[in-house]
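Structure first, commentary second.
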Amino acid sequence: MKVNIACLQMASKPYDWDYNIEKATAMIKEAVNNGADICILPEVFIPGYSLTDENFRQAEPLDGPTVSILKQIAKELNVYITGSIIEKTKTEFYNTMVFVGPKGLMGTYHKMNVFSLELKYWKRGNEGTIVNTEFGTIGLGICADMIYPPLWKQYPGKVDLILICSAWPESPSGIKLSYTSHFTQLCKDLPIQISKVFHIPTAYCNACHVGGTWPLNLGFMCCAGLSEIVDRGRVVASANSRKEQIIQAVVETSKDRPLVNPIHFKNWIKYPLREKILRLLVEKLAAYYASFYYRRNKKKYLD
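With our numbering, the residue at position 296 of the sequence shown is 297, and numbering never jumps.
Encoded structure:
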């Protein structure tokens with residue numbers, strides 16, 4: 002079945018809810034006017050991706066204002082909308098991808114592979130989410146989920162389309178290493194790889210705003226843009242910059258789901274040895290510190 006997908010490569014203003022919801026609404030309407038059946042917003046398009054404690058204060062429940070407005074828009078425009086917010090539950094904070102349609106909230110997904118310092122602000126999820134629509138079954142993913150195979154191991158033979166929202170940053174300008182340049186390139190390569198492995202359409206929507214500064218004065222943290230829509234490994238629409246824009250394409254889903262060879266998940270990304278060592282040092286140490294910070298601070302903001 003043919004489906005028109007729009008990736009809304011949006012430049013959020015961190016913690017400016019009014020601006021962000023108005024911008025998202027305008028971009029959704031523009032995409033629908035151009036025939037969109039599904040609109041994808043970036044990761045944490047509200048409140049806007051940034052790594053500060055304001056994330057705790059800006060978090061909201063699933064019955065909060067953002068999801069309520071998305072449900073209203075989806076009903077009025079007869080469109081599916083997805084993207085992630087910072088969700089506040091009674092006990093935790095999550096980076097939650099919501100999927101809404103004309104009949105309301107249809108599914109939620111908690112980001113499984115919460116990356117490095119993000120662990121200061123939200124907890125990891127533990128399972129993927131599949132949403133049933135008239136266009137087929139849809140598997141959801143968020144940003145750094147692309148780097149690791151656990152989420153993708155849950156979807157073979159079960160999904161007809163994959164949607165990924167993201168706030169993947171450019172490499173810090175203050176670091177000139179092969180690891181950081183490779184990291185930026187991955188946000189272009191991995192949506193193609195996922196589409197090839199599953200042999201199904203995959204849409205990847207990245208943010209393009211400035212989300213504050215990197216730690217240690219390493220420069221501004223700029224989300225990379227570079228959104229893509231890929232059909233069975235072939236790029237059919239792409240944003241080749243971090244300029245705010247909408248990319249849109251028609252892809253075709255099929256109920257014939259090819260078998261996925263498990264060997265694809267064994268060497269998901271090939272890193273040179275030096276990069277493996279650097280990743281282990283930087284990512285693991287940052288994650289350990291961030292998890293401690295989250296446990297120490299979450300109760301203060303849940304009360």
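Every residue, glycine too, gets a C-beta built ideally from N, C-alpha and C.
- Looking at 66, 236, 157, the one whose alpha-carbon comes closest to that of residue 198 is 157.
- Taking each of 237, 303, 150 in turn and checking the Cα distance to residue 269, the smallest one comes out for 150.
- Per the DSSP secondary-structure output, residue 255 pairs with nothing in a beta bridge.
- Sorting 117, 119, 101 by C-alpha distance to the C-alpha of residue 131 places 101 at the top.
- Less than 7 Å separates the beta-carbon of residue 39 from that of residue 6.
- Looking at the DSSP output, residue 98 shares a beta bridge with 85, 110.
- DSSP places residue 9 within a strand segment (E or B) once states are collapsed to three.
- Annotation for residue 229: the continuous beta strand (DSSP E) segment containing it runs 229 to 232.
- Counted as a single uninterrupted DSSP element, the alpha helix (DSSP H) harbouring residue 293 occupies residues 274 to 303.
- Excluding the 5 residues flanking it on each side, residue 136 has same chain C-beta neighbours closer than 6 Å at 2, 4, 254, in chain order.
- Under the rule that a run must span 3 or more residues, the beta strand (DSSP E) segments found entirely inside the segment 110 to 136 read 131 to 134.
- Residue 169 and residue 112 have their C-alpha atoms spaced approximately 14 Å apart.
- If you draw a straight line from the Cα of residue 272 to the Cα of residue 283, it comes to about 15 Å.
- Residue 184 and residue 22 have their alpha carbons spaced roughly 30 Å apart.
- In this structure, DSSP gives residue 61 an extended state, which the three-state scheme calls strand.
- Secondary structure note for residue 238: its beta strand (DSSP E) is the uninterrupted segment 235 to 239.
- Below 8 Å, too few C-beta pairs join the segment 53 to 68 and the segment 28 to 43 to call them touching: fewer than three.
- Taking C-beta separations shorter than 6 Å and ignoring five residues to either side along the sequence, the partners of residue 114 in its chain run 145, 146, 149, following chain order.
- In the DSSP assignment, residue 207 forms a beta bridge with 167.
- Nearest C-alpha to residue 87 among 50, 129, 260: 50.
- Contact between the segment 77 to 97 and the segment 259 to 266 is absent: fewer than three C-beta pairs spanning the two stretches fall below 8 Å.
- Residue 231 and residue 196 have their C-alpha atoms some 7 Å from each other.
- With a cutoff of 7 Å on beta-carbon distance, residue 84 and residue 188 are scored as not near each other.
- Between residue 276 and residue 142, the alpha-carbon positions lie close to 25 Å from each other.
- Contact check for residue 35 against residue 194 fails: the beta carbons are separated by 7 Å or more.
- Contact annotation: residue 243 and residue 200 have beta-carbon atoms that are not nearer than 7 Å.
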